[in-house]
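In our numbering, the protein residues as written are 2 to 268.
Read through the structure below, which is laid out as structure tokens, and then see the notes.
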Amino acid sequence: MGRPYGKGHKRMKKVEEENSDCETHLRAEDAEEKTDEEREEIPELEAIPIAPSAQTVKKPGVIFVLEKASLEVAKVGKNYQILNSEEHANFLRRNNKNPADYRPDIIYQALLSILDSPLNKAGCLHAVYVKTDKGVLFEVKPYVRIPRTYKRFAGIMLQLLQKLSISAVGKREKLLRVIKNPVTQHLPLKSRKIGFSHSSDKLVEMEKYVAGVGGDTDLVFVVGAMSHGKIDCDYIDDFISVSEYPLSAAWCIARICEAVSKKWRVL
Numbered sequence: 002m003g004r005p006y007g008k009g010h011k012r013m014k015k016v017e018e019e020n021s022d023c024e025t026h027l028r029a030e031d032a033e034e035k036t037d038e039e040r041e042e043i044p045e046l047e048a049i050p051i052a053p054s055a056q057t058v059k060k061p062g063v064i065f066v067l068e069k070a071s072l073e074v075a076k077v078g079k080n081y082q083i084l085n086s087e088e089h090a091n092f093l094r095r096n097n098k099n100p101a102d103y104r105p106d107i108i109y110q111a112l113l114s115i116l117d118s119p120l121n122k123a124g125c126l127h128a129v130y131v132k133t134d135k136g137v138l139f140e141v142k143p144y145v146r147i148p149r150t151y152k153r154f155a156g157i158m159l160q161l162l163q164k165l166s167i168s169a170v171g172k173r174e175k176l177l178r179v180i181k182n183p184v185t186q187h188l189p190l191k192s193r194k195i196g197f198s199h200s201s202d203k204l205v206e207m208e209k210y211v212a213g214v215g216g217d218t219d220l221v222f223v224v225g226a227m228s229h230g231k232i233d234c235d236y237i238d239d240f241i242s243v244s245e246y247p248l249s250a251a252w253c254i255a256r257i258c259e260a261v262s263k264k265w266r267v268l
């Protein structure tokens, strides 16, 4: 790693420690050990209501797992920030990192695509899980209202990774929270886990594909939230491609949501 401040070996070592994945600070069990005073400092987000029927009728639904999200925290200057290729290109190059790998806007767009979908508003979305490229896993409640601007979103992600949870306004309910790996322990036993990659030899028409899945089975869609490469998860039942062309995570999710909406007649 290069010397981001150029003030000697001790300073460099300190920055290296601050820019590590900080797994010791991101354990889910640590959140349970916080004092009441510390919990009061947890930031808050607004929640949006979902369809009442989804809360009273138990039925199969959709779960999204977003893998390899670029959400790395580092101290840039005097402040901790979520690294991104646009604002921190020089900092990243000085630390021998490729700026193209730091695209937190991808997970932002992916979450907007999921949470703003009619499928979610109809109460069909059961859960969203995000795993960062450093291995930190967190849950996003379907009824959270993600900030409308990226800058605000990045601030929330920074607070989440530092505080381990984000609560609903005026409530103790945690809308976002860091949880224990692996993600499989949070998935329904009776579910079909479907991964997506343009490199897959199995090119499908999404509407026909989901129509062939049993109506009593939860659908778990695993989508990569990184700028390039592909996901490599051993818990996936089927790997498919939904287009002859490479798609962004947001576009892939849009195709998934549209296909499932037609299957379940969500208008």
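Glycine is no exception: its CB is placed at the ideal position from the N, C-alpha and C atoms.
query                                                                                                                   : result
Reference Val137, options Cys125, Lys231, Ile115 and Leu177, closest by Cα                                              : Leu177
Segment contact flag, the region 81-89 with the region 112-131, C-beta cutoff 8 Å, min 3 pairs                          : no
C-alpha distance - Ile254 paired with Ile195, whole-angstrom precision                                                  : 12 Å
Cβ pair Leu112, Ile147 closer than 7 Å                                                                                  : yes
Spatially closest choice to Lys263 from Leu72, Val243 and Ala212, by CA coordinates                                     : Ala212
Bounding residues of the beta strand (DSSP E) (the contiguous stretch that carries Glu140)                              : Leu138 to Val141
Assigned exposure category for Leu190 - 16 Cβ within 10 Å defines buried                                                : exposed
For Lys132, the three-state DSSP class (helix, strand or coil)                                                          : strand
Endpoints, alpha helix (DSSP H) assigned at Val211                                                                      : Met207 to Ala212
Nearest-angstrom Cβ-Cβ length linking Leu67 and Ile108, presumed shorter than 8 Å                                       : 6 Å
Backbone CA spacing between Glu88 and Val179 [nearest angstrom]                                                         : 26 Å
Per-residue burial, Pro183 [other beta carbons within 10 Å of its own, 16 or more giving buried]                        : exposed
Delimiting residues of the beta strand (DSSP E) encompassing Asn80                                                      : Asn80 to Ile83
Where Leu188 sits in the DSSP three-state scheme                                                                        : coil
Nearest neighbour of Phe154, chosen from Phe65, Ser249 and Leu72 [CA to CA]                                             : Leu72
Phe122: first and last residue of the uninterrupted alpha helix (DSSP H) it sits in                                     : Note on residue identity: the sequence assigns Lys, not Phe, to residue 122. Pro119 to Lys122 is the span of the alpha helix (DSSP H), which, as asked, contains Lys122.
Nearest residue (CA-CA) to Thr133, options Leu268, Pro143, Ala90 and Leu159                                             : Leu159
Straight-line gap, Ala90 to Thr218 (C-alpha atoms, nearest Å)                                                           : 44 Å
Neighbourhood of Tyr103 by C-beta distance below 8 Å, restricted to the same chain and skipping five residues each side : Ser71, Glu73, Leu84, Asn85, Ser86, His89 and Leu93
Asp202 versus Ile241 - alpha carbon distance                                                                            : 7 Å
Member of Val243, Glu174 and Ser228 whose CA lies at the smallest distance from the CA of His199                        : Val243
Residues near Thr57 by beta carbon distance below 7 Å, same chain, minus five either side                               : Residue placement at Thr57 cannot be trusted, given a pLDDT of 43 that sits under 50; what the coordinates show is reported in the next sentence. Result list for Thr57: empty, nothing under 7 Å.
Burial state of Leu1 (16 or more Cβ within 10 Å)                                                                        : Examination of residue 1 is not possible in this model, given that the chain is present from 2 through 268 alone.
Inter-residue spacing [alpha-carbon to alpha-carbon] between Tyr144 and Leu188                                          : 18 Å
Same chain, Cβ closer than 6 Å to Lys175, five either side skipped, listed in chain order                               : Ser166 and Ser168
Helix, strand or coil at Gly171 [DSSP, three-state]                                                                     : coil
Own chain partners of Arg256 with C-beta closer than 8 Å, once the 5 adjacent residues on each side are dropped         : Met207, Val243, Ser244 and Leu248
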